[in-house]
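First the structure, in the form of structure tokens, and then the observations on it.
2 protein chains.
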Amino acid sequence: MAQPINRFKADLREIQFVLLEQLRLGDVLGKAPFEDWGEDEVKMVLEETYRYAREVSGPLNHVGDRGCRLEGGRVLTPEGFKEAWNKLYEAGWKKISVPAEFGGQGAPAGLGAAVEELLSGANTSFNMYSGLAVGAAEVIAEFGTDRQKALFAQRMFDGQWGGTMCLTEAQAGSDVGAATTGATKNDDGTYNIKGTKVFISGGDHDLTENIVHLVLARIEGAAPGTKGLSLFIVPRLRVGDDGSLGGSNDVEVGSIEHKMGINGSSTCVLNFGDNDRCVGELVGAAEHQGIRQMFKMMNVARIAVGLQGLALASSAYLNALEYAKDRKQGPSVKDWKNPEAPRVPIIQHPNVRQMLLELKAKVEGIRALIFKLAIHQDRSRGLAGVDDDKASYHSGQVDLLTPLVKAYSSDQAFRICEIAIQVFGGAGYCQDHPVEQYCRDSKIFSIYEGTNSIQALDLVARKLGQAGGRNAQAFLGDIAKFVATHKAHADLGPAVANLEKAHEAVAGTAMQFLAWFQAGEMELVPLAANRFLEMMSELALGWLLLDAAVIAVERSGKVAASHPDRAFYEGKRHAAVWFAANVLPSVVGKAKVLSKADRSPLQIPDAAFATV
Amino acid sequence: MAQPINRFKADLREIQFVLLEQLRLGDVLGKAPFEDWGEDEVKMVLEETYRYAREVSGPLNHVGDRGCRLEGGRVLTPEGFKEAWNKLYEAGWKKISVPAEFGGQGAPAGLGAAVEELLSGANTSFNMYSGLAVGAAEVIAEFGTDRQKALFAQRMFDGQWGGTMCLTEAQAGSDVGAATTGATKNDDGTYNIKGTKVFISGGDHDLTENIVHLVLARIEGAAPGTKGLSLFIVPRLRVGDDGSLGGSNDVEVGSIEHKMGINGSSTCVLNFGDNDRCVGELVGAAEHQGIRQMFKMMNVARIAVGLQGLALASSAYLNALEYAKDRKQGPSVKDWKNPEAPRVPIIQHPNVRQMLLELKAKVEGIRALIFKLAIHQDRSRGLAGVDDDKASYHSGQVDLLTPLVKAYSSDQAFRICEIAIQVFGGAGYCQDHPVEQYCRDSKIFSIYEGTNSIQALDLVARKLGQAGGRNAQAFLGDIAKFVATHKAHADLGPAVANLEKAHEAVAGTAMQFLAWFQAGEMELVPLAANRFLEMMSELALGWLLLDAAVIAVERSGKVAASHPDRAFYEGKRHAAVWFAANVLPSVVGKAKVLSKADRSPLQIPDAAFATV
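Residue numbers (my numbering), protein chains in the order written: chain R, 317 to 928; chain D, 317 to 928.
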């Protein structure tokens, strides 16, 4: 029943607009560290990656939904994955952002984000295997010894070996510090690893000849909590110094999970050292650095999850749009009492049109937010050592926006898929269209790499106050400046006024958190954190959508009416106006609710929830 | 992998509270037409139905998720369904609400709703087969000839034959009037039926020896649109006057859908008369009455869909609650900086507690709304011919609340399942727990039996103005009276104040619709309708939760502190306070947004949505 037909859709014009016209990626191109990159290269990579996505990995997305199989202790990935893997590394799309010292093209993160949107959207599950390999390789590239870089990271970047991150244990999920996997030092400096990790994405597969697990474990006698954790390189097969493969390293797949979605991505229980023969080596040389090292990968992964959400949300939107233009049903609302009126495409029905505009505004706003974060990374790198103050402003924004990108994108991706299904009606509930799979696949995004409640606490308990509060102040300052500049905009002024109110609401609620912390009202913080993350994300989206609209309104006037860019720019304007009119007011509403500090969730006794 | 283990949970104490203590079902018990019913009978039926649900159909819910198979042109239902069907009709739970003339127990609709919550929640897919049979039988019972009642309806009520409703065609979904299935009169008064129906739930199965399809078709020469449709009884196998089964009636299963959920319920393409040998008979005697007759079933089905949403939402909540009490993770927020602090059950984390309280409030509010509607039906029946004014008040409320029950329950069921998954974390994404299936199953509720946009238009374009606006006025008047009575409530006063503001907001927006209709601004109506339905539903929930809280606060004081009812009543109070503080303010916010009448969805050109 599952045919290899591509259903992934992307709007490259829109992606290019955000990267180049709105966020001016061009500022960093052609100079260190992106000397070899220009706008033409950026466009070429996007076009060619999209071709790979449509022709190779996209057609395997629905097929992959059948899932992985565990046979003879090994995971078999869905049909076609291995061939697509080989083509991916032949074409080099997964090495675009890899540093030149590892043979990559060292592309800016802005472009890297767009490439990931295309690769992830085409086939979320398939893209996770390579994403995890790259993520793990980056940890070794940053913290490993020269030998480890050459032996492990290089092969992982090249797609020769896979990679995983092994944090979670049955009793240690959100509470990473509760991990009990142990490490005992051997005479040769290696460690014996013993323990069971669960929910390990790509924990086993048949795409590469070896898999390098990065395992958080506690060396005998180390401190409790996260501080006592060290990070180990634990290959599935033992490895000689020349990269030759030895025998089993006593890493066994206990089972694989049967899930709601991302079925093409294996989710494994991994048993390390059941026979006391599992050997690992420290990443780098120092013990007890595991959590700091893993957080390098975790932060990258959180942004990647945001991109996963964006990617599915965008393709869900574009599929719903296509369907709405094609599917005829009912007469126009203007003819609703005439049974013989011509049937119209459902895009002409106002409620469908509104759903589509909501999808457009949210997808494009989320894209702008994630690409903004990525380009902050690029600017920070370019300015390091040149203007350290500016560099630290940009890196501060990366830190601040990471929880927004992870949590808001993932929550909204699920909602966007839900609405896309609704546009399709009954057809959307069936596997003939991709949106039901997108919806199922996307549900995990709000959970893994730190649940969205963890992201919200990261935002309010760490990021708001980071650098003495300067990062948050700079963010709010950027928006205040935008408001001041465009408040009197002839066309967009009323929308900017809504942005201003949302800005005040977010700033006010941020101060309220400060007051709660100072008063020791710690329990109120997690009650309000998720909604505050949503408020701040919506403020950011409103800002970036209006920023795009200002540019679009200006450029639209300079484009011939018949040029497709005219409609494109008009669309940017309408998306911003819709968001400002329909979403930004809810930011003010949420602030009012939070200001009342309702304590009912703290006051209700456990026994009062239900009698069962 | 799928083991027959029940995971359905219900809180009978809560169900009884809503039925008996809050909505006073007792008022109608013991008198016509419910002479044989008392509170003890109600409680006994609930307990015994719950036992059947837990022991028989509940254990088949996860098993049934594997889906139906189409073999040799026939649908095979999942393993165990046939045996559960037999037990269902032996026990008689599906005949509780069937009229006495058909051998049923003629239970009040309030009890019937609670019974359906239990049966549907235990196994949504399985319950659809009998639900459709009963629904189709009710149409024949109301509109059919005596012969049809005895021949068809009786066997359908008895579970001997199945039943379906066949409206949808490929080009006629929301636009039912576009149906082209044709009917040609034969000399013997029967009709030859020819056409293809799609998305037919229970369109074929192996649970009964015959299936009676109710088919909307257009008699040759009839008017276009819904007015020209007639309703036909079309059995799968031909039927002799004594009920004996003949040969094939030329009804063939073209295919079955592969869906996101409700996989145990077959969804069929049905071809009628491919060989010109499909014979049907009119329901009753009159032609062109099809849409009116089908709406009888449709209204019942819409309430049933609301119950499906409630049922899964409630079990999702109770499963999440159990998990949250059991699952330990991380220290208390009060000890968050101490890595050696004891791990606590996650219900102690404020964010989890808030999610649970949100689930509780919404589930219990939705339950109160649906049961309220059902008891309006009962009161209306009891008062008909006794006090016709009062009877028509109650039946008017049934009409008014039906779209709220269908749309709000179904939208929220999906959200509630989403939050329940979030409470479980990664475990919730796996099939080891029921919530991911609930989430998938529930997505169809917002689509079938009239999409939720159709419900919203039904509300604003028909129901608000029905009976000269009296039904809506009575609804708002009931809430105004509640506000006036309890505004100064020592404990709940502030929550009631929020209800009052929401009431004003809903009343104001209703007037705005009137203004739009009068000004011919038809296109604004569908833009605002869904949000208005949400506002009115939230107002209704806020009212009913506070109504319950007033009763609970009063009774709580009279119960010994050690009695489990003390905690139960406290829970009712907290749910209402949470909802009033956290949801009701958003009703006011939505009214403000709607008052601005944003037209951006109407203004954006088609070509501006995307460049692909």
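Yeah, the Cβ is synthetic: ideal placement off N, Cα and C, and Gly gets one too. Because the structure is a prediction, the values reported are computed rather than measured.
Status (buried if at least 16 other CB within 10 Å, exposed otherwise) for residue i
i: Ala-440 of chain D; result: In the sequence under discussion, the amino acid at residue 440 of chain D is Thr, which differs from the Ala named in the question. Burial call: buried.
i: His-378 of chain R; result: buried
i: Val-928 of chain R; result: exposed
i: Ala-602 of chain D; result: exposed
i: Met-317 of chain R; result: Confidence is the limiting factor: at Met-317 of chain R the pLDDT is only 46, short of 50, which leaves the residue's position unreliable and the question unanswerable from this model.
i: Arg-921 of chain D; result: Here the sequence assigns Pro to residue 921 of chain D, which means Arg is not the residue at that position. Answer is exposed; the Cβ neighbour count stays below 16.
i: Ser-564 of chain R; result: exposed
i: Ile-686 of chain R; result: buried
i: Ser-911 of chain R; result: exposed
i: Ala-425 of chain D; result: buried
i: Leu-561 of chain D; result: exposed
i: Arg-695 of chain D; result: buried
i: Met-827 of chain R; result: exposed
i: Ile-321 of chain R; result: exposed
i: Arg-756 of chain R; result: buried
Rounded Cβ spacing between residue i and residue j (contact assumed at less than 8 Å)
i: Leu-532 of chain D; j: Phe-442 of chain D; result: Contact doesn't hold; Cβ gap of about 26 Å is too wide.
i: Ile-737 of chain R; j: Glu-752 of chain R; result: 6 Å
i: Thr-480 of chain R; j: Arg-534 of chain R; result: Between Arg-534 of chain R and Thr-480 of chain R the Cβ distance is about 19 Å, and since that is not below 8 Å, they are no contact.
i: Pro-658 of chain D; j: Pro-647 of chain D; result: 7 Å
i: Phe-548 of chain R; j: Tyr-507 of chain R; result: 6 Å
i: Val-903 of chain R; j: Ala-811 of chain R; result: At roughly 13 Å, the Cβ-Cβ gap does not stay under 8 Å, so Val-903 of chain R and Ala-811 of chain R are not in contact.
i: Ser-581 of chain R; j: Gly-518 of chain R; result: 7 Å
CB contact below 8 Å: residue i versus chain B
i: Cys-584 of chain R; result: Among the chains of the structure shown, chain B does not appear; the protein chains present are R and D.
Own chain partners of residue i with C-beta closer than 7 Å, once the 5 adjacent residues on each side are dropped
i: His-890 of chain D; result: Leu-673
i: Pro-880 of chain R; result: none
i: Val-939 of chain D; result: In this structure chain D extends from 317 to 928, so residue 939 of chain D is not present and cannot be described.
Neighbourhood of residue i by C-beta, 6 Å cutoff - its chain only, sequence neighbours within 5 removed
i: Trp-401 of chain R; result: Leu-523
i: Gly-698 of chain R; result: Val-344
i: Gln-476 of chain R; result: none
i: Ser-631 of chain D; result: Phe-324, Lys-325, Gly-437
i: Ala-772 of chain D; result: Ala-845, Asn-846, Leu-849
i: Met-613 of chain R; result: Gly-451, Val-455, Met-481
i: Glu-330 of chain D; result: none
i: Phe-473 of chain R; result: Val-414, Phe-418, Ala-453
i: Ala-494 of chain R; result: Gln-487, Ala-488
i: Val-334 of chain R; result: Arg-683, Ala-684, Phe-687
Sequence-distant residues of the same chain with beta carbon closer than 8 Å to residue i, five excluded per side
i: Gly-346 of chain R; result: Trp-353, Gly-354
i: Asp-748 of chain D; result: none
i: Cys-712 of chain D; result: According to the sequence shown, residue 712 of chain D is Gly rather than Cys. Closer than 8 Å at the Cβ level, and outside the excluded window around Gly-712 of chain D, lie Gln-782, Ala-783, Arg-786, Asn-787, Ala-790.
i: Leu-815 of chain D; result: Ile-795, Phe-798, Val-799, Leu-855, Gly-858, Trp-859, Leu-862, Ala-896, Leu-900
i: Ala-700 of chain R; result: Ala-707
Just checking, does the region 620-635 of chain R make contact with the region 713-728 of chain R on the three C-beta pairs under 8 Å criterion?
yes
Select from the region 523-538 of chain D all residues with a C-beta closer than 8 Å to any C-beta belonging to chain R, and list them in chain order.
none
Is there contact here, the region 449-462 of chain D with the region 484-502 of chain D, by at least three beta-carbon pairs under 8 Å?
Under the three-pair Cβ rule at 8 Å, the region 449-462 of chain D does not count as touching the region 484-502 of chain D.
Tell me which residues of the region 655-672 of chain R have at least one Cβ-Cβ distance to chain D shorter than 9 Å, keeping chain order.
Pro-655, Glu-656, Arg-659, Pro-661, Ile-662, Ile-663, Gln-664, His-665, Pro-666, Asn-667, Val-668, Arg-669, Gln-670, Met-671, Leu-672
Does the region 794-804 of chain D come within contact of the region 750-767 of chain D, defined as at least 3 CB pairs closer than 8 Å?
no
What residues in the region 909-925 of chain D have a beta carbon less than 7 Å from any beta carbon of chain R?
Cβ contacts with chain R come from Val-909, Lys-912, Asp-914, Ser-916, Pro-917, Leu-918, Gln-919, Ile-920, Pro-921, Asp-922, Ala-923, Ala-924, Phe-925.
Listed in chain order, which residues of the region 482-498 of chain R have Cβ atoms closer than 9 Å to some Cβ of chain D?
Thr-484, Gln-487, Ala-488, Gly-489, Ser-490, Asp-491, Gly-493, Ala-494
Which residues, taken in chain order from the region 761-795 of chain R, show a beta carbon closer than 7 Å to some beta carbon of chain D?
Ser-762, Ile-763, Tyr-764, Thr-767, Ser-769
If you pair each beta-carbon of the region 557-573 of chain D with each one of the region 496-505 of chain D, do three or more pairs fall below 8 Å?
no
Pair every Cβ in the region 861-878 of chain D with every Cβ in the region 866-877 of chain R, then say whether three or more of these pairs are closer than 8 Å.
no
Does the region 576-586 of chain D come close enough to the region 511-526 of chain D to have 3 or more Cβ pairs within less than 8 Å?
yes
Contacting positions in the region 563-591 of chain D - beta carbon closer than 9 Å to chain R
For the region 563-591 of chain D, residues whose beta-carbon sits nearer than 9 Å to a beta-carbon of chain R comprise Glu-573, His-574, Lys-575, Met-576, Gly-577, Ile-578, Thr-583.
Residues within the region 325-345 of chain D neighbouring chain R, beta-carbon criterion of under 9 Å:
Lys-325, Ala-326, Asp-327, Leu-328, Arg-329, Glu-330
Short-range partners of chain D found in the region 727-741 of chain R, where Cβ spacing is below 7 Å
Phe-730, Glu-734, Ile-737, Gln-738, Gly-741
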